[in-house]
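In the numbering used here, the protein residues as written are 2 to 291.
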């Protein structure tokens, strides 16, 4: 097979290109042809996805959720199956689907993995493959974007999170889901997966390929009720928590009197207003066959 590999140079504390080279070598030993590209910017990933899809039989992304999201945004409708070697900060998609990190295990997935179709959506035209949110998490990603210099470690989130919870001034947003006006909310996110921010924070029932995403909207967010939300999420009961509005959705509109930050798949995107729609495109993600 012809296999195209993209490496994020910031992933794995800068070890992404070396991991990509090791995966390429393992695949070459199995008789496959490989081509590696190192992409430093989102535009690099978009261009690579479009170009590599023309001739490659398989695509491999060495990076995190953001790298996967950038590549997904550039894939054509007839894209070849894609494998992810997780080397990001959170790696939510990889943890949910138990995607391996070891070189030989990644090569096995590329060679013999099954395709898991993953619903995607569009937020103001940009493709999302895991989740997007407004308010609290959008502000956190905005702050991280301002301070980012090279690879991000999880410990770097903690002082920013504390500072944000202390100083954050919510800007309520009106949320309309599938034509229904749900009212105003301080914070919310729409997810196509089963976890949020960490594999420990479990969401309600969902499927990757049912044509629906799940909306979680929080009327008010303060330290006391935020603690209750976190406890409910740890038990997988966030969708039943008082103060949380939960819906299975195909379209969402968010806008307020003042704009609030928005994140897509863990990257700062901009501010509201935003419009989301579940897309007809499904990401053909390779997962372990067993």
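For each residue, glycine too, the CB sits at the ideal point set by N, CA and C. Since the structure is predicted, the reported quantities are computational estimates derived from the model, not experimental observations.
Checklist entry - Considering only residues of the same chain and omitting the five flanking positions on each side of residue 3, which have a CB-CB separation below 7 Å? => result These residues qualify, in order along the chain: 34, 56, 57 and 58.
Checklist entry - Roughly how many angstroms lie between the CA atoms of residue 108 and residue 99, to the nearest whole one? => result Distance between the alpha carbons of residue 108 and residue 99: 15 Å.
Checklist entry - With DSSP run on the structure shown, which of helix, strand or coil describes residue 243? => result coil
Item to check | With 16 other Cβ atoms within 10 Å as the buried cut-off, status of residue 25 | outcome: buried
Next on the checklist: Report the start-end ranges of each beta strand (DSSP E) in the stretch 50-76 that is 3 residues or longer and not cut off at the edges.
Outcome noted: 59-64
Item to check | Alpha-carbon spacing of residue 264 relative to residue 192, whole angstroms | outcome: 12 Å
Item to check | Outcome for residue 79 when other beta-carbon atoms lying within 10 angstroms are tallied against a minimum of 16 | outcome: Counting the other CB atoms within 10 Å of its CB gives residue 79 a total below 16, which places it among the exposed residues.
Next on the checklist: Looking at residue 194: is its Cβ nearer than 8 Å to the Cβ of residue 97?
Outcome noted: yes
Checklist entry - Hey, residue 83 and residue 94: beta-carbon distance below 8 Å or not? => result In terms of Cβ geometry, residue 83 and residue 94 do not form a close pair [threshold 8 Å].
Checklist entry - For residue 63, which option in 20, 113, 115 and 176 has the closest C-alpha, if you only look at C-alpha atoms? => result 20
Checklist entry - Taking the alpha-carbon positions, what's the residue 220 to residue 188 distance? => result Spanning the two alpha carbons is a distance of roughly 7 Å.
Item to check | Continuous alpha helix (DSSP H) stretch holding residue 26: start and end | outcome: 17-30
Item to check | Close beta carbons around residue 249, own chain, < 7 Å, minus the five adjacent residues each side | outcome: 213 and 215
Item to check | Enclosing alpha helix (DSSP H) for residue 108 [first to last residue] | outcome: For residue 108, the enclosing alpha helix (DSSP H) stretches over residues 104-113.
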